[in-house]
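In our numbering, the protein residues as written are 909 to 1216.
Note that CB positions come from ideal geometry on N, CA and C, so glycine has one too.
Here the structure is a predicted model, which is why all the values come from computation and not from measurement.
Notes to accompany the following structure.
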């Protein structure tokens, strides 16, 4: 990973976006979608005069001057997402930090020893999917669900830019999907609808798409276990909650602390869920020790789930 490479990529995409932003009614997110689509498919010459079209073509041609790795492209897009989301007035906390993405990737890498299909729910820009997929040494086929049409579109094209053919379902979390995957992951925000806690309902619904030997890994708000319908969820959920990794409060804004919930669709009798308080990610020694323990536990977990 060379900083000059992702700077090079960022600068070119940003220059193209700023050129498009000079056109009427085009914000930076719209421009980023259009630029990404132009590069993957073909230049959209609608609404552009000849001079702007020529400038845009020249900017795109400069991408051929250097080979940029998928990881450098991912890092550049992370910065582009921040700028785009700010301009379009989206909250920036919809972007999941790389540190959490790498934690998810470590869990997946130690659980699976074969190529996998994976689904991210509430994917936003699919930054979590691409963090995980770039880190894994496995071949992955990736799916994503995202309700917001603009975010679903940039998720698709930014993934395509990383040579990843992401299939995006632009629908609501509880809508049906046509997919079968080895693992499901993503952020399950605490929301209620008609007095029902949506994450409980979503977990139960998503199990139909998960392989028998697979696991789910969800980032959850720390009030997950405090809703009135928790007992109903426990009684109706036919799988097993395997582990809870409590993330440091310092990673999040005040009152928005989160944890990582790991589970299986299989019912494993006499299994006691592990609960671990994660150390500060800034403390390299303690974090490394915690990760070694998690990786060993996940490898053991893989055998337990698959043998049941």
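When the Cα atoms are used, what is the spatial distance from residue i to residue j?
{"i": "residue 1056", "j": "residue 1032", "result": "8 Å"}
{"i": "residue 1025", "j": "residue 1070", "result": "17 Å"}
{"i": "residue 1200", "j": "residue 1151", "result": "15 Å"}
{"i": "residue 994", "j": "residue 917", "result": "20 Å"}
{"i": "residue 935", "j": "residue 955", "result": "14 Å"}
{"i": "residue 1027", "j": "residue 1091", "result": "6 Å"}
{"i": "residue 1052", "j": "residue 959", "result": "38 Å"}
{"i": "residue 1022", "j": "residue 1105", "result": "34 Å"}
{"i": "residue 1147", "j": "residue 1116", "result": "11 Å"}
{"i": "residue 1131", "j": "residue 1010", "result": "24 Å"}
{"i": "residue 1183", "j": "residue 913", "result": "40 Å"}
{"i": "residue 1203", "j": "residue 1065", "result": "32 Å"}
{"i": "residue 1215", "j": "residue 1044", "result": "24 Å"}
{"i": "residue 1080", "j": "residue 1110", "result": "11 Å"}
{"i": "residue 1153", "j": "residue 1007", "result": "14 Å"}
{"i": "residue 1005", "j": "residue 1062", "result": "18 Å"}
{"i": "residue 979", "j": "residue 1042", "result": "6 Å"}
{"i": "residue 1168", "j": "residue 987", "result": "25 Å"}
{"i": "residue 1097", "j": "residue 1107", "result": "7 Å"}
{"i": "residue 1017", "j": "residue 933", "result": "44 Å"}
{"i": "residue 971", "j": "residue 1073", "result": "20 Å"}
{"i": "residue 1014", "j": "residue 1162", "result": "27 Å"}
{"i": "residue 1135", "j": "residue 973", "result": "55 Å"}
DSSP has residue i in a bridge; who is on the other side?
{"i": "residue 1025", "result": "1049"}
{"i": "residue 1091", "result": "1026, 1123"}
{"i": "residue 1105", "result": "1100"}
{"i": "residue 1182", "result": "1151"}
{"i": "residue 1172", "result": "1123, 1148"}
{"i": "residue 1072", "result": "According to DSSP, residue 1072 bridges with nothing at all."}
{"i": "residue 1118", "result": "1089"}
{"i": "residue 1167", "result": "1128, 1154"}
Hey, quick one: how far does the alpha helix (DSSP H) through residue i stretch, first residue to last?
{"i": "residue 1065", "result": "1057-1068"}
{"i": "residue 990", "result": "978-995"}
{"i": "residue 1009", "result": "1006-1019"}
{"i": "residue 936", "result": "936-948"}
{"i": "residue 964", "result": "958-969"}
{"i": "residue 1035", "result": "1035-1043"}
Exposed or buried, which one is residue i when buried takes at least 16 other CB atoms within 10 Å?
{"i": "residue 999", "result": "exposed"}
{"i": "residue 990", "result": "exposed"}
{"i": "residue 1133", "result": "exposed"}
{"i": "residue 1127", "result": "buried"}
{"i": "residue 1193", "result": "exposed"}
{"i": "residue 1099", "result": "exposed"}
{"i": "residue 1030", "result": "buried"}
{"i": "residue 1059", "result": "buried"}
{"i": "residue 1164", "result": "exposed"}
{"i": "residue 975", "result": "exposed"}
{"i": "residue 1038", "result": "buried"}
{"i": "residue 1190", "result": "exposed"}
{"i": "residue 928", "result": "buried"}
{"i": "residue 1144", "result": "exposed"}
{"i": "residue 1036", "result": "buried"}
{"i": "residue 948", "result": "exposed"}
{"i": "residue 1088", "result": "exposed"}
{"i": "residue 997", "result": "exposed"}
{"i": "residue 1166", "result": "buried"}
Start and end of the beta strand (DSSP E) containing residue i?
{"i": "residue 1193", "result": "Segment 1192-1215 is the alpha helix (DSSP H) holding residue 1193; no beta strand (DSSP E) there."}
{"i": "residue 1077", "result": "1075-1077"}
Using a Cβ-Cβ cut-off of 9 Å, state whether residue i counts as contacting chain D.
{"i": "residue 924", "result": "No chain D is part of this structure, which consists of one protein chain only."}
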